[in-house]
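Residue numbers (our numbering): 8 to 195.
We put the beta carbon where it would ideally sit given N, CA and C, even for glycine.
One structure below.
See below:
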């Protein structure tokens, strides 16, 4: 690529990133915990720029962290993934969303170090929304619905349909989901 063209493109990219960087610095502590989970290095402005420009899914999480009213002024500069919907009142730090095509996260609470793949639905049942503990992994196509509690250190397998509480330290899979392994709860 011609160096002048490259300079022009980098300058334009920097201008659209400037408001994002300023908001990142305001919410640095929580966003750094998310950045570390993306495997691009420790939290820093450089890491933020790298992940934010490369991953639409991270931008969704970043705009969620800013809040609906703050983010409305900047998300048009760098749109997020239109198929990822986050409507949780609280998501703990260290969240890692990956390949989240057609994913709906509608829980009462999601704990620290949450990991989620695509086609996942956390949603309403007749009696309410789920509560997700810390260090939970949810794999492709899983559905968790209703007023259920998912304990800490739980793994929900691909395609699982969870409509009952899951105790800490378990792995569940299947439709309906059944516990396939239990391990001692890990203190983090």
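Proximal residues to residue i (C-beta, below 6 angstroms), its chain only, five neighbours per side dropped
{"i": "residue 144", "result": "122, 162"}
{"i": "residue 114", "result": "95, 129, 136, 137, 139"}
{"i": "residue 112", "result": "93, 95, 129"}
{"i": "residue 117", "result": "95, 98, 139"}
{"i": "residue 178", "result": "162, 187, 188"}
Cβ separation of residue i and residue j, assumed to be a contact under 8 angstroms, to the nearest whole Å
{"i": "residue 64", "j": "residue 88", "result": "5 angstroms"}
{"i": "residue 124", "j": "residue 106", "result": "6 angstroms"}
{"i": "residue 57", "j": "residue 47", "result": "5 angstroms"}
{"i": "residue 84", "j": "residue 26", "result": "7 angstroms"}
Nearest to residue i (by Cα), restricted to the options the options
{"i": "residue 93", "options": "33, 157, 129, 164", "result": "129"}
{"i": "residue 51", "options": "70, 97, 67, 29", "result": "29"}
{"i": "residue 157", "options": "61, 119, 19", "result": "119"}
{"i": "residue 99", "options": "179, 18, 141", "result": "141"}
{"i": "residue 133", "options": "117, 152, 116", "result": "152"}
{"i": "residue 62", "options": "40, 86, 116", "result": "86"}
{"i": "residue 149", "options": "164, 54, 23", "result": "164"}
{"i": "residue 199", "options": "11, 45, 66", "result": "Residue numbering for the chain in the displayed model covers 8 to 195; residue 199 lies beyond these limits and cannot be assessed."}
{"i": "residue 78", "options": "146, 49, 34, 104", "result": "34"}
{"i": "residue 102", "options": "22, 131, 40", "result": "40"}
{"i": "residue 147", "options": "53, 131, 104", "result": "104"}
{"i": "residue 53", "options": "82, 21, 71", "result": "21"}
Beta-carbon contacts of residue i that lie in its chain and below 7 angstroms, excluding the five residues immediately before and after
{"i": "residue 155", "result": "137, 169, 170, 171, 172"}
{"i": "residue 69", "result": "38, 59"}
{"i": "residue 195", "result": "In this prediction, residue 195 scores a pLDDT of 46, lower than 50, which makes its location untrustworthy; the coordinate-derived value is nonetheless stated afterwards. So the list reads 141, 142, once near-sequence residues are dropped."}
{"i": "residue 109", "result": "90, 125, 126"}
{"i": "residue 180", "result": "164, 167, 187"}
Burial state of residue i, where buried means 16 or more other Cβ atoms lie within 10 Å
{"i": "residue 80", "result": "exposed"}
{"i": "residue 32", "result": "exposed"}
{"i": "residue 42", "result": "buried"}
{"i": "residue 9", "result": "exposed"}
{"i": "residue 76", "result": "exposed"}
{"i": "residue 189", "result": "exposed"}
{"i": "residue 175", "result": "buried"}
{"i": "residue 185", "result": "exposed"}
{"i": "residue 187", "result": "exposed"}
{"i": "residue 45", "result": "buried"}
{"i": "residue 14", "result": "exposed"}
Sequence-distant residues of its chain with Cβ nearer than 8 angstroms to residue i (five each side left out)
{"i": "residue 182", "result": "166, 167, 168"}
{"i": "residue 82", "result": "66, 70"}
{"i": "residue 131", "result": "113, 152, 153"}
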